[in-house]
Structure formats: structure tokens, C-alpha cells
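S.K.:
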Amino acid sequence: MSEIVIRAEGLGKQYRIGEAQARNDTLRDALAASVGRAWRGLRRLSRPSRRERFWALRDVSFELARGEVLGIIGHNGAGKSTLLKILSRITEPTSGEVMIRGRVGSLLEVGTGFHSELTGRENIYLNGAILGMTRAEIDRKFDEIVAFAGIDRFVDTPVKHYSSGMYLRLGFSVAAHLEPEILLVDEILAVGDAEFQKKCLGRMNEVAREGRTVIFVSHNLDAIQRLCTRCMMLDGGQVAAYGPTADVVAAYLSRGRGPVDAGERVDLSSANRQGGSGVRFLSAVFGSGSAEAANRPYTGGPLEVALEIQADSERVVESLAISIRTLGGTLLVNADVIELGQPVHLEPGANTVVFRIDALHLNPGRYMVSLWAGSTVSTLDYIEEAFEIEVVGLRREALGMTPAENGLVPCAFSVETVPGPAQRMAREALP
Amino acid sequence: MGVRISASAAADRSRAQSQGEPGITYIRPSRGWRALDLRELWRYRELLYFLVWRDVKVRYKQTVLGASWAIIQPFFTMVVFSLFFGRLAGVPSDGVPYPIFSYAALVPWTFFATGLTHSANSVVGSQQLLTKVYFPRLAIPLATVLAGMVDFALAFAVLLGMMLYYGILPTANVVWLVPLVVLSLITALGVGLWFAALNVLYRDVRYVVPFLVQVWLFATPVAYGASLLDNLDVHWRVLYSLNPMVGVVEGFRWALLGTDTAPGPMVLVSSLAAVLILVGGAFYFRRMERIFADVV
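Residue numbers (my numbering), protein chains in the order written: chain A, 1 to 431; chain B, 1 to 296.
(1) Can you tell which of A:D358, A:L178, A:D336 has its C-alpha closest to the C-alpha of S290 (chain A)?
(2) With 8 Å as the threshold, decide whether the Cβ of E40 (chain B) is near any Cβ in chain A.
(3) Could you give the first and the last residue of the continuous alpha helix (DSSP H) run that contains C200 (chain A)?
(4) Would you say P297 (chain A) touches the ligand GDP, meaning its beta carbon is less than 7 Å from a heavy atom?
(5) DSSP state of G105 (chain A), grouped into three classes?
(6) Would the beta-carbon of V178 (chain A) fall within 8 Å of that of V104 (chain A)?
(7) Helix, strand or coil: how does DSSP classify A398 (chain A) here?
(8) With distances taken from CA atoms, which of B:V133, B:A120, B:F75, B:Y49 is nearest A223 (chain B)?
(9) If you draw a straight line from the alpha carbon of A255 (chain B) to that of G247 (chain B), how long is it in whole angstroms?
(10) If you reduce the DSSP assignment to three classes, tell me which class H177 (chain A) lands in.
(11) Using CA atoms only, rank isn't needed, just tell me which of B:L146, B:A197, B:N173 is closest to S184 (chain B).
(12) Return the bridge partner residues of Q310 (chain A) from the DSSP annotation.
(13) Have a look at L64 (chain A) and V214 (chain A) and give me their C-alpha separation to the nearest angstrom.
(14) Please go through the segment 64–131 of chain A and give each complete beta strand (DSSP E) segment of 3 or more residues, from N-terminal end onward.
(15) Excluding five sequence neighbours on each side, which residues of the same chain lie with their C-beta closer than 8 Å to the C-beta of R354 (chain A)?
(16) Within 10 angstroms of the Cβ of P92 (chain B), are there 16 or more other Cβ atoms? Answer buried if so, exposed if not.
(17) Does the beta carbon of F50 (chain B) come closer than 8 Å to any beta carbon on chain A?
(18) Less than 8 Å between the beta carbons of E390 (chain A) and P259 (chain A), yes or no?
(19) Which residue from B:G148, B:A35, B:S122 puts its Cα closest to that of W69 (chain B)?
(20) Kindly indicate the opening and closing residues of the beta strand (DSSP E) around M133 (chain A).
(21) Listing by chain order, which chain A residues have their CB less than 7 Å from the CB of T25 (chain B)?
(22) Across which residues does DSSP place G287 (chain A) in a beta bridge pair?
(23) Starting from A293 (chain B), find everything on chain A with Cβ-Cβ shorter than 8 Å and list it in chain order.
(24) Quick one: list the residues of chain A neighbouring Q214 (chain B), beta-carbon separation under 9 Å, in chain order.
(25) Could you give the DSSP three-state label for R15 (chain B): helix, strand or coil?
(26) Can you tell me where the alpha helix (DSSP H) holding R59 (chain B) begins and where it ends?
(27) Please classify H219 (chain A) as buried or exposed, where buried requires at least 16 other C-beta atoms within 10 Å of its C-beta.
(28) Would you grab the beta carbon distance between K85 (chain A) and A282 (chain B) for me? Rounded to a whole angstrom, and I think it's under 8 Å.
(29) Any beta carbon from chain A within less than 8 Å of S30 (chain B)'s own beta carbon?
(30) Confirm, please, whether the CB-CB distance from V159 (chain A) to G120 (chain A) is below 8 Å.
(31) Thinking just about the alpha-carbon of each residue, which of A:C231, A:V279, A:L362 is nearest to the one in S378 (chain A)?
(32) Mind reading off the beta-carbon distance from G374 (chain A) to G275 (chain A)? Whole number of angstroms is fine, and I expect it under 8 Å.
(33) Using the C-alpha atoms, what's the distance from I324 (chain A) back to S122 (chain B)?
(34) Is the beta carbon of S313 (chain A) less than 8 Å from the beta carbon of V337 (chain A)?
(35) In the structure shown, what three-state DSSP assignment does K13 (chain A) receive?
(36) Is there at least one Cβ from chain B nearer than 8 Å to E63 (chain A)'s Cβ?
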């Protein structure tokens, strides 16, 4: 076995939970509260606070040998990012120790430190320096970085005029030319278009094949399975599983409660969620309303989801959405009222909102449903893994068979045999 | 593809990163005061250079007047001072024309005040960097203060132009300008470090600093000469000259305009005070640094 390059022992990180911010509805309340706050603030200076603490990461130990690619998976809030932040020395652990052998490069965000007023060229140097490259190194790789990002015509344009795609490509390109012995990567593949993601994955593959050690945090199980030799699953800040990728991914997929029956009330009051206070999903019920499918959602059929939502006061929610993912985390469907331009009005207390998807273009299988309430700038309530549904196949026409390897999404198609070479038809079809 | 960094270069770098065994970094919880680790800061000098360069480049982007703001600010303050203090109040100016008397003081003062204000807000303003990448955090306030040198140079060029206009030749004491500028840099950075670290925990700092700068301006002989205080009680004068900027401002006039305000022995005491503030600030900053990423 080759040399151990990372050894973590009993790593823990404790955070303090901030005091909940009470809302002040009148100026008088606000004034009274601010005087109280100032008084409490002054008192806090003189005595240690006794706010609640929680462990974002607890007792994490692992070893990684040179050249291994470790994937880290887990729910939101499982401690993945915290672990990465400790390894990249952004934040200190509260307990434990890590030994790292070699130069570490961390990529927690694409385009860290980019300044919108500076040109692409200037940002390459700035970003490179921030990521730990020397000027000589950047000089040497400059042309390659520009070519990889595909921005050669815009090198001397301020990046504020870049499209978001160009911005991401440039940011990733600089990072991709970083050559540390150990690379820490967080979820960057979640952004950007498909081509860009492919490029990122390709580059990461290369990095791994060059014998560098990589730690990769992602929600995307497909990417994890393709890239990683080992995998760690975190849950509640602790290591829930650690070993060969296939085993850990299998454990991750089977940890759920399995699909919920149509028509059954799913209690969401204690679900794992993110967001502020004020709006909360209480429960959900779904079904297709089709007697033939016994109310179960089916390929090509409708899907209705009734959500019970608790609001603390009268509210207008700009963005309310249900989305459907594969169990591997790939987003397939996102039905957001923001797209309809139709904000949802909530009364104080419990409200019921019904989403209706007219035709569900998903092949039979199990899918995860996420619920979201918020605006373009803030999250009110977000349950990433609200419940699992099973889509069934209803129409078994013709031979009653489906291909062994079906895709996720069905399509309407037909087939016909035509005489002559195929090129002719293609040429004729062109305008 | 991917130009591979030569094995020896990588090994060199790893060796440089060592803490004990070559190439090995230990990450552990730290407690209490920490070493300044200036060696690490030195290793990141290229980043420091790029941060300064960014600040200089960006400071006046998307302003119509651009870098001329570096001149306009002290120059128009001088005009206002000349009008109200020089003309209307008749503040004595140690035998040189009042405009150049006040401008010679405003040049180092503006450098100091901008450096202090910007560095106090620098850490909070770099939230994005703090939470995404590791580097010695001291580089942030240091870079903002150093970036002010460019503004200083521009304003100083105007000062030379004004001396030409008034036909004033600098004395041989100009060489003393260098330590005086260093003194104002140390003071700005020292106080800036304290506030930068405090600002992360208590955003009150944002409101305290402008007020402090204003008070400090009046506690420094910028609009008037220190000679005005000659008939004050000696205790008050000692207290007054503890302010390092008194020595800087009076020293500028003495070195450039030949006024009779050579910094006395008190400048040594105030320099010592400035160095103590800087060292204390740096240690306090390092102590607070570990929670920056969590709290900011």
C-alpha cells in the first residue's frame, strides 16, 4: 500500500447556534428590542455566553493513501462542507487532529476572489494567486488556461460583461490548472451546463489519473461513482459508512424509508430541512387520481401533490416549488410557481396548496421529491428529501415489453423503413 | 495536457510548508495566543502583491474622475481649510502660506485616515475569500494599507507642484520623510488590525471608526500648527504628543517647508507607542483569526 497522505483522527467541529432573531413589527417594538439588544450585547462582553452549541462534525477519523480519490456524500447539513473547510484550513477543528503530507489546493467555489471590474486576464492572475499559484506558474500556464476556458476573444474584457457560463468556465479553468499534490473539491459540478460539467469531470478524471490525491464532495452520485475509489458517507456529523464506493453508495441509497404510498399523508414536521422561520411544510399527500393505476403516479400520467403549509403571518411566497430527482441526486423536474409568475398567498395558520403536473414524463422507477419555499434571495423552508415516490408503467401496449435498459425519460417516437441511403433523406430535410 | 510542475519545485514548496517533518502540515485546534508566523506571511508575498494590485486597480474603477480622487480629496480639504481656518479664523501657519501649510499635513493625514478606515473594514469586506480559501489573514488589512501608498504618491506629487508654485525649496531633512511615512503606516495598520478583528464580532466598529478618525483629525495639528498649544499645561502637551500623527504631520512640514517644528524626543515615545499598538494588534488579530470564517 502506498504512503498515507491524509490522516484524520477524532476530528470534531462545534458551532454555536445564533440567537433566533425575533421579528419586530412596529417601530416601538424595534426600538425597545434594540435597547434590550444593546444591553444584552454589553453584558455578553463581560460574561461568557451560554448559547446552545452543536457538533457539525464529530469524531471523524480516516486515512487516505497517495493517489486515492475519496468521495464524500451525505444529506445537507451532514458535515461534508465542514470537513472540507477543516482540511483546507479555512476553519479550525474544535477537537482532533489532521496530518497532511504535501501541498493542498482547495476548490470550494469557482472563481473565488474574482473581481467583476477586472478583466479576464487580471482575474486569472488574481484568482491563481489566491489559489496558491506563483506568478511564474501562472505566466507559464496562462495560454492553456485561456484556451481551456474558451474565452480568448474576451481576455481583456471585464468579467462583469461575461455570461455566467463564461465566468464559470474561466473560474474552473484557473482551478483546473492548479497542481497541488492533494486537491479538495466541493460540489462545483452542480453548476454550469452539461458540457461544462462533462469538461469538469473529465479534468478531474485526469487529475486523479496523474496520481494526485483528491477529496470530492458531491450530491451527484453518478459523478461520485465514476470518479472515486473510496467513499465516505456522513450523517449528523459522523461517519456513517466508509469503504469502496459501490458499497457506500448502496448504503446511501438504501438508508431511506423507501417509496411512500399514494394517498398516504407524509408527515414533514420533523423532516431534515433548511431555511428560516415563518413558513413550514407540514405534510404532503400525492396521487395521480387515476383509478386504473390505483392512484399511483404513472409514466405520462398526471401527478397531484397537496401540501399543507404553516405560515406565521399573512405572506406572499414568490417561489414555491416541488422538484423531482433521481435517487442519485440528478434534478429531473422542477415545478416552481415563479415560472408561472403566480406568487402564492398564505394566510396565518395552516394552508393547503395543490400542485398539479399534467403529464409526468418519467419512466417507471423510484424518485425523490424535494419541497421548496422562498424567494430568489432567501430560503423560507427547503426539504431536500421530503419523500420518495414510485412511478409505475401503465401502458403495456404492443408486445407488453420494455427494453432492459430504459432511460429516465420516455419519448414519443415511431419507426419506418425507407428505401435508399440515409444521407439522402438527411440532405432533403435541410432547408 | 496539463504542464506538470517539476518534481523538485513541488518538493521545494512542500519543504517550505513544513512544520517539523518536511512537507507535513498538522491541523489542530489552537488555544490562546498564537505566534505571528511572519514566515508564512512572507511565503504568501505574491498573494499580498496581487491583493495590493487589485485594490489599486479597483479603487477608482467606474468613477468618472478615476485616480484624480486621490488628489481631489486632500486638495479640496485644503481649500476648505484655507478658507475657514486660514482666512476667516486667521489660524497662524508657522510662517508659510496657509494652503501649503495645511496641504503638507493633509497628504500624510489622508494616507493615514484612509488606511485606517479601509483596513478596519477589510476583513468583513473579504467574507467571500475568508470562507472559501486559506491564506494568512494578516495579508488582507496589510494589503489595504499598502494600496494607499499609490494615492499617497499622487497627492505627494501635487504637494511638490505646490512647493514649486510657492517657491519653497525642500530642506536637506527630506530624507526623514521615509521614516515618517513608515510611522504613519505602522499607526494606521496597528489601529486598523485591532478594529478589523473587532469588526468581525461587533459591527459597531463600522460606526466607531469614522467618528474616531474625525476626533483624531482634531487631535492632530493638520488644520492648525502645534505651536498653537505652546501655552498649554505641560501634562496636556505630553499627552498630545503621544499621538504618533503629531510627529508625522509636524515632521512633514519641517522636512519640506522648513518650519521650526522638528520632531522632538516625544516622537520616539509616540513611535514606540505605535509599534506597541501594531504588535498588540497583530497578536490580537491572530488570536481572533481562527473564528473569522465561522463568524463573519
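Glycine included, C-beta positions come from ideal geometry on N, C-alpha and C. Computed from a predicted model, the values in this text were never measured in an experiment.
M.R.: Once the coordinates are examined:
(1) A:D358
(2) no
(3) 194–209
(4) The ligand GDP is not among the ligands present in this structure, which contains no ligands whatsoever.
(5) strand
(6) Residue 178 (chain A) is actually Leu in this sequence, not Val. Not closer than 8 Å, so no.
(7) Caution is warranted here: a pLDDT of 46 is assigned to A398 (chain A), below 50, making its placement in the model unreliable, and the coordinate value is therefore given only provisionally. It is coil, neither helix nor strand.
(8) B:F75
(9) 12 Å
(10) coil
(11) B:L146
(12) A:R280, A:A350
(13) 9 Å
(14) 69–74, 95–101, 104–107
(15) Note on identity: in this sequence residue 354 (chain A) is Val, with Arg being the wrong assignment. Only E304, V305, A306, L307 meet the Cβ criterion.
(16) exposed
(17) yes
(18) yes
(19) B:G148
(20) Taken as a continuous stretch (DSSP letters only), M133 (chain A) belongs to no beta strand (DSSP E), as it is neither H nor E.
(21) I100
(22) A:E304
(23) K85, I90, T91
(24) What Q214 (chain B) touches in chain A: nothing, since even the nearest Cβ is about 22 Å away.
(25) With a pLDDT of only 40 at R15 (chain B), under the threshold of 50, the placement of this residue in the model should not be trusted, and no figure is reported.
(26) 45–59
(27) buried
(28) That belief does not hold up - the Cβ atoms of K85 (chain A) and A282 (chain B) are roughly 24 Å apart, past 8 Å.
(29) yes
(30) yes
(31) A:V279
(32) 7 Å
(33) 42 Å
(34) no
(35) strand
(36) no
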